[in-house]
Amino acid sequence: MIFMLCGTSDARELAVRIKDSGYPVMTSVVTESAAKSLEEAGLPVRMGRLSADEMTSLIEQEGFETIVDASHPFAEEAHKNAIEAAQKAKVPYIRFERASLVYGDHPKLTVVSSYEDAALEVKRRQGSAMLTTGSKTLHIFAKHLIGIPEIRLVARMLPRRDNMEKCEELGVEQKNIIAMQGPFSREMNEALYRQYGTTVMVTKESGKIGSVDEKVETALQMGIDVVLISRPEIEFGTVFTDFDGVIGQLKEAIK
Numbered sequence: 158m159i160f161m162l163c164g165t166s167d168a169r170e171l172a173v174r175i176k177d178s179g180y181p182v183m184t185s186v187v188t189e190s191a192a193k194s195l196e197e198a199g200l201p202v203r204m205g206r207l208s209a210d211e212m213t214s215l216i217e218q219e220g221f222e223t224i225v226d227a228s229h230p231f232a233e234e235a236h237k238n239a240i241e242a243a244q245k246a247k248v249p250y251i252r253f254e255r256a257s258l259v260y261g262d263h264p265k266l267t268v269v270s271s272y273e274d275a276a277l278e279v280k281r282r283q284g285s286a287m288l289t290t291g292s293k294t295l296h297i298f299a300k301h302l303i304g305i306p307e308i309r310l311v312a313r314m315l316p317r318r319d320n321m322e323k324c325e326e327l328g329v330e331q332k333n334i335i336a337m338q339g340p341f342s343r344e345m346n347e348a349l350y351r352q353y354g355t356t357v358m359v360t361k362e363s364g365k366i367g368s369v370d371e372k373v374e375t376a377l378q379m380g381i382d383v384v385l386i387s388r389p390e391i392e393f394g395t396v397f398t399d400f401d402g403v404i405g406q407l408k409e410a411i412k
């Protein structure tokens with residue numbers, strides 16, 4: 158059986174492909190919405206974060222033969238735990254990741270390597286900043302940007318109760334919260350930028366399926382500064398960006 162970390166919509170598609178190729182698979186996710194999506198696809202699923210030791214124990218107890226890590230490109234802790242667990246349990250580790258996009262050398266585009274650097278870039282520019290980086294790192298931006306009169310911090314995130322509670326806790330005003338489920342079209346992105354008078358947009362380099370291209374391209378065409386946070390640098394070994402590559406590697410690993 159395969160133990161598979163899922164964190165994106167294409168991970169769900171890959172899990173279905175793996176199952177249809179004849180490999181039993183147990184998926185693992187963090188949120189209820191992700192679990193529901195996988196269950197609707199007929200996939201067995203467990204929910205909740207795992208430390209490296211917990212993942213190792215689970216692999217050994219259940220007899221998993223391979224780990225397929227298809228978690229989100231920015232799930233740095235999950236990647237490291239999966240790599241460590243694979244080494245401890247002595248099973249192959251296979252990484253699937255949606256391909257990066259190439260944006261070119263645009264004068265309005267600034268690439269940074271961390272959320273902290275992104276917050277400092279916004280602080281330097283001031284104006285109306287729209288965050289599309291989720292709630293997990295909102296505290297980093299709030300620490301640097303909340304309370305500065307020249308900066309309006311607008312947070313776009315999933316419409317979940319815990320996200321709204323976090324915004325309240327960190328001092329993000331209700332009028333500056335966009336609680337919506339994506340993906341967003343070019344027209345929707347443009348309308349939101351205009352509605353909030355956006356002068357700088359912050360996003361993560363998650364890949365095309367995450368619609369980061371629409372957010373970035375629309376903002377640049379409107380003359381809005383874009384601060385793009387690059388993916389964490391982790392030594393995965395071989396990384397597959399297509400389903401066939403993963404299936405082929407599974408055939409090599411499980412005989």
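Under my numbering, the first residue of the sequence shown is numbered 158, with each subsequent residue one higher.
Built from N, CA and C at the ideal position, the CB exists for glycine as well.
Source: prediction; values computed, not measured.
Sub-8 Å separation of residue 217 and residue 191 beta-carbons: no
Chain-order list of residues whose beta-carbon lies under 6 Å from that of residue 233 (same chain, five-residue window excluded): 389
Whole-angstrom distance between residue 159 and residue 206, CA atom to CA atom: 17 Å
Nearest-angstrom Cβ-Cβ length linking residue 359 and residue 288, presumed shorter than 8 Å: 5 Å
Assigned secondary structure, residue 310 (DSSP; H/G/I helix, E/B strand, else coil): strand
Bounding residues of the alpha helix (DSSP H) (the contiguous stretch that carries residue 200): Segment: none, residue 200 is in no alpha helix (DSSP H) and carries neither H nor E.
Cut-off 7 Å between Cβ atoms - residues of its own chain near residue 291, not counting five sequence neighbours on either side: 314
Spatial distance of residue 328 from residue 303 (CA atoms): 7 Å
Three-state class that DSSP yields for residue 212 in the structure shown: helix
Per DSSP, the bridge partner or partners of residue 252: 226, 396
Beta-carbon proximity of residue 312 to residue 333, cut-off 8 Å: yes
Rounded straight-line distance, which links the Cα of residue 306 to that of residue 199: 51 Å
Inter-residue Cα distance where the pair is residue 274 and residue 182: 39 Å
Residue 245, enclosing beta strand (DSSP E) - first and last residue: Counting along the chain, residue 245 falls outside any beta strand (DSSP E), though it belongs to the alpha helix (DSSP H) covering 233-246.
Selected residue, minimal CA-CA separation from residue 227, among 169, 174, 294: 169
Same chain, Cβ closer than 6 Å to residue 354, five either side skipped, listed in chain order: 285
Distance, residue 236 Cα to residue 383 Cα: 27 Å
Sequence-distant residues of its chain with Cβ nearer than 7 Å to residue 174 (five each side left out): 400, 404
8 Å Cβ shell around residue 267 - same chain, five flanking residues per side excluded: 278, 382, 383, 384, 385
Spatial distance of residue 240 from residue 161 (CA atoms): 12 Å
Counted within 10 angstroms of its Cβ, other Cβ atoms place residue 371 as buried (16 or more) or exposed: buried
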